[in-house]
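*Asks:* One structure, pasted below without further comment.
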Amino acid sequence: MIGQLFRLTLRGIADFGLHPVAQLLTLVAVGMVTLLTGLIIIGLHNINVELLKSRGEVEFQVYWKADTKTEDVLKDWAVVRKLDYLKDFKTFTPENALTELATTLGETGDFSWLADNNPLPYSGLASFAVPPEAQDEGWAARLLTELKSLPGVDKVHYTPFQADLAQGWMTITRVIVWPIIGFLALIVSLVVYNTIKLSLLTRLDEVEILSLVGASPAYVRWPLLTGGFIQGVFGSALGIGLLALVHSVTAQTLNFPPFFIEIQFLPYDQLGIIAGAVTLVSMASSWVAVK
Amino acid sequence: MFSGQSIVTTSEDKDQFHFKADETLKVIGLLQVFLQYCVQAGTKSRMMVKVDRLSYNFGAYWALKDISFTLGKGEFLFLTGHSGAGKTTLLRMLYGALPVNRGRASVAGFQLNNLRKRQIPQLRRKVGVVFQDFKILPKRTVFDNVAMALEVRGMPRMNLERRVRAIVRAMGLETKSYSTCERLSGGEQQRVAIARSMVANPELILADEPTGNLDFDLTMHLMDIFKQFHTYGTSVIMATHSREVLDCVPEARILHLQDGCIVTDGESSINEENEEDD
Ligand SMILES: Nc1ncnc2c1ncn2[C@@H]1O[C@H](COP(=O)(O)OP(=O)(O)OP(=O)(O)O)[C@@H](O)[C@H]1O
Ligand SMILES: [Mg+2]
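Line by line, the protein sequences give chains A and B. For the first sequence, the numbering used here begins at 142 and goes up steadily by one. For the second sequence, the numbering used here begins at -18 and goes up steadily by one.
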């Protein structure tokens, strides 16, 4: 049984020699479909990365209660400095703040008379840069709550614009990406199915004859399935190889002012999913293509 | 045809029980009936092909009309008839390539009327078929083409090689064993097809004009091989146009088809055939 399976697998591999040109063309076609799919997904991926990048940057203005003791404020600052993804944390004592205010207002602003009775509280400007992979749903709101919950903090201001944009993009991805992926999957399936089916036309005689001399459907199909597997693996490898080539040539094309976009290659898991899907489709196609 | 009755009523038996009472005779009578029944049952299972009121149509054209015949195990049957009479169609039905919808048919123990899909390979492993158009794979070698019939039956490699070599030698193809079939002449290809039908020792061989492309000597040689299988108990149905082929197997029955109907079914009495042809 195992021996039989092994022999049939070998036959599936050896059968590549029977119609080398047809097989090669199929392989190239599968590779090209993979390449096109890869290009579209790279596009999506990079748009996503770019948007996630800017949306991951958020600034909070934090004000402490006026009556908080200095050492408590310092404790809170230490906590803030330990927060994940903190990019910058500018802190202001009331004195700093006053000076800052004075310099901002220029000559007209002389607040030295306030120095002894400074009304300004301790404050800070915390900027975060949350990388895309850490941007799960509600991350901005969670940061806000975290800051607000510090014992001495009075109020936190932040520009809701970025966070809203983020939420918006999240919704868009959820609505748009899956139809696009589904559409791509459909196209890949159709093209690969037709290609494999065409390449099997050269072998329908064999399928018929094998079944006429009493071969079971599994016996007939196993070598074809092996062939489909090989087509899928090598075809998608070819496609991904070409994708890498195209990427290496074009990666820097948008990396100039004002874009500064360096096109990123797909992460390994996504490449794996593409290759796996293509292989699966070609195997399924070679199964379905013969009745 | 079957000598069921004579088995029981030998004179020896009668002598032994002669003096006994009537009852004994009655018992013997019952025994006789029982044995007869057994013989009948035996005949049933000894039936290789049974076709009953079988018809087949391609659209509006009826290629077979109301065909009935039986073929016992070990019998040799010729199918004759002009071109287009329905010989190939009948054979195709017998190996499950065309469905049986009108009438009934059974082959090698398989009811063809409600044959399940997965039974088709099982049926075909009991039947060796020589196709009129050979149906061999041109890109594969003679050896591979013949071995195919054993491979699909899962025969181990050692046995397989021995058998394939033997049948290839019998077909006079040993020097071409490893040539691809596309390089063979028509007659050589036909012999590959015949070798493939025989190599698995099937219970039934269906041969559709197996000697169509062969010269007289080769035809005689191959008919000898068919007869050899027949002698060892293989049933054969052979479609042919050739008088020479019919003459080779005098004990065979002949089923003469005309426009899809059986016009004669009988033992190969060559004279009768001649009369009909004249
Ligand atoms: N697939 C088909 N579709 C339509 N008609 C068919 C088909 N196959 C066979 N026929 C018709 O059925 C009839 C019987 O054909 P069949 O092949 O059984 O003849 P045959 O007795 O084998 O002839 P030959 O001696 O030439 O091989 C013919 O008239 C043929 O045209
Ligand atoms: Mg015919």
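Ideal Cβ placement from N, Cα and C applies to all residues, glycine included.
(1) Specify the secondary structure class of residue 206(A) as computed by DSSP and reduced to three states.
(2) Answer with yes or no whether the minimum CB distance from residue 55(B) to chain A is below 8 Å.
(3) Closest to residue 208(A) by CA distance: which of 374(A), 264(A) and 314(A) is it?
(4) Looking at the secondary structure, which residues open and close the alpha helix (DSSP H) in which residue 201(B) lies?
(5) According to a CB-to-CB cut-off of less than 9 Å, which residues of the segment 326 to 358 of chain A neighbour chain B?
(6) Hey, quick one: how far does the alpha helix (DSSP H) through residue 139(B) stretch, first residue to last?
(7) Determine, for residue 80(B), whether the minimum Cβ-Cβ distance to residues of chain A falls below 8 Å.
(8) Could you check if residue 139(B) is buried or exposed, using at least 16 other CB atoms within 10 Å of its CB as the buried criterion?
(9) Taking residue 337(B) as the reference, give the member of 189(B), 37(B), 58(B) and 62(B) with the closest Cα.
(10) Starting from the N-terminal end, write out each residue whose C-beta falls within a distance shorter than 7 Å of any non-hydrogen atom of ligand 2.
(11) Hey, would you say the C-beta of residue 39(B) is under 7 Å away from at least one heavy atom of ligand 1?
(12) Any contact between the segment 106 to 119 of chain B and the segment 172 to 179 of chain B? By contact I mean 3 or more CB pairs, one from each, below 8 Å.
(13) Using a Cβ-Cβ cut-off of less than 7 Å, list which residues of the segment 144 to 160 of chain A approach chain B; keep chain order.
(14) Using three-state DSSP, classify residue 38(B) as helix, strand or coil.
(15) Tell me whether residue 66(B) counts as near ligand 3, meaning its Cβ is closer than 7 Å to at least one heavy atom of that ligand.
(16) Could you tell me whether the Cβ atoms of residue 99(B) and residue 354(A) are closer together than 8 Å?
(17) Is it buried or exposed, residue 340(A), if we count other Cβ atoms within 10 angstroms and call 16 or more buried?
(18) Determine which residues share a DSSP beta bridge with residue 109(B) and list them.
(19) Can you tell me whether residue 420(A) is buried or exposed, with buried defined as 16 or more other CB within 10 angstroms of its CB?
(20) Do residue 345(A) and residue 427(A) come within 8 Å of each other at the CB atom, strictly closer than that value?
(21) According to a CB-to-CB cut-off of less than 7 Å, which residues of the segment 400 to 411 of chain A neighbour chain B?
(22) At a threshold of 7 Å, does residue 62(B) count as lining ligand 1 (C-beta to nearest heavy atom)?
(23) Just to confirm, does residue 155(A) get its C-beta within under 7 Å of one of the non-hydrogen atoms of ligand 1?
(24) First and last residue of the beta strand (DSSP E) that includes residue 239(B)?
(25) Spell out the partners DSSP gives residue 61(B) in its beta bridges.
(26) Quick one: is the Cβ of residue 86(B) within less than 7 Å of any heavy atom of ligand 1?
(27) In the DSSP assignment, what residue or residues form a beta bridge with residue 170(B)?
(28) Any heavy atom of ligand 1 within a distance shorter than 7 Å of the CB on residue 174(B)?
(29) Whole angstroms are fine: how far does the CA of residue 431(A) sit from the CA of residue 55(B)?
(30) By DSSP's criteria, residue 178(B) is part of a beta bridge. Which residues make up the other side?
(31) Would you tell me roughly how many angstroms separate the C-alpha atoms of residue 229(A) and residue 261(A), rounded to the nearest one?
(32) Helix, strand or coil for residue 298(A)? Go by DSSP, reduced to three states.
(33) Quick one: what's got a C-beta closer than 6 Å to residue 153(A)'s C-beta in the same chain, skipping five residues either side?
(34) Does the distance between the C-beta of residue 44(B) and the nearest non-hydrogen atom of ligand 1 fall short of 7 Å?
(35) DSSP three-state label for residue 267(A), please.
(36) I want to see whether chain A comes within less than 8 Å of residue 68(B), judged by CB atoms only; does it?
*Replies:* Based on what the coordinates show:
(1) Coil at residue 206(A), not helix or strand.
(2) Residue 55(B) does not count as touching chain A.
(3) Between residue 208(A) and the set 374(A), 264(A) and 314(A), the nearest pair of CA atoms involves 264(A).
(4) From DSSP, the alpha helix (DSSP H) with residue 201(B) extends over 197 to 212.
(5) For the segment 326 to 358 of chain A, residues whose beta-carbon sits nearer than 9 Å to a beta-carbon of chain B comprise 346, 347, 349, 350, 351, 352, 353, 354, 355, 356, 357 and 358.
(6) Judged by DSSP secondary structure, residue 139(B) falls within the alpha helix (DSSP H) whose first and last residues are 138 to 151.
(7) At a cut-off of 8 Å between beta-carbon atoms, residue 80(B) makes no contact with chain A.
(8) With a 10 Å radius around the Cβ and a threshold of 16 neighbouring Cβ atoms, residue 139(B) comes out exposed.
(9) The structure shown does not extend to residue 337(B), since chain B is modelled only from -18 to 259, so the question has no answer here.
(10) Proximity to ligand 2 was defined by a C-beta distance below 7 Å to any of its heavy atoms, and the residues meeting it, in sequence along the chain, are 68(B), 69(B), 113(B), 189(B), 190(B) and 220(B).
(11) Answer for residue 39(B): yes, Cβ within range of ligand 1.
(12) Contact between the segment 106 to 119 of chain B and the segment 172 to 179 of chain B is present, because at least three Cβ pairs lie under 8 Å.
(13) Residues of the segment 144 to 160 of chain A with a C-beta less than 7 Å from any C-beta of chain B: 145 and 159, listed in chain order.
(14) When DSSP states are grouped into helix, strand and coil, residue 38(B) belongs to the strand group.
(15) Ligands in the displayed structure: ligand 1 and ligand 2; ligand 3 is not one of them.
(16) Going by C-beta atoms, residue 99(B) is not nearer than 8 Å to residue 354(A).
(17) Burial call: buried.
(18) The partner list for residue 109(B) (beta bridge, DSSP) reads 186(B).
(19) Buried, since its Cβ has 16 or more Cβ neighbours within 10 Å.
(20) Using a Cβ distance threshold of 8 Å, residue 427(A) and residue 345(A) do not count as a contacting pair.
(21) Per Cβ criterion, the list is empty.
(22) For residue 62(B), the Cβ falls inside the 7 Å cut-off from some heavy atom of ligand 1.
(23) No.
(24) Counting along the chain, the unbroken beta strand (DSSP E) around residue 239(B) starts and ends at 234 to 239.
(25) Residue pairing by DSSP places residue 61(B) opposite 237(B) in a beta bridge.
(26) It does not: the Cβ of residue 86(B) is nowhere closer than 7 Å to a heavy atom of ligand 1.
(27) In the DSSP assignment, residue 170(B) is bridged to no other residue.
(28) In this structure, ligand 1 has no non-hydrogen atom nearer than 7 Å to the beta-carbon of residue 174(B).
(29) Cα-Cα distance, rounded: 37 Å.
(30) Bridge partners of residue 178(B): none, in fact.
(31) Looking at the two C-alpha atoms, the distance is approximately 22 Å.
(32) Strand at residue 298(A).
(33) Leaving aside the five residues that flank residue 153(A) on each side, the residues in its chain whose CB is nearer than 6 Å to its CB run, in chain order, 364, 367 and 368.
(34) For ligand 1, at least one heavy atom lies less than 7 Å from the Cβ of residue 44(B).
(35) Strand.
(36) Judged by the 8 Å Cβ criterion, residue 68(B) is not in contact with chain A.
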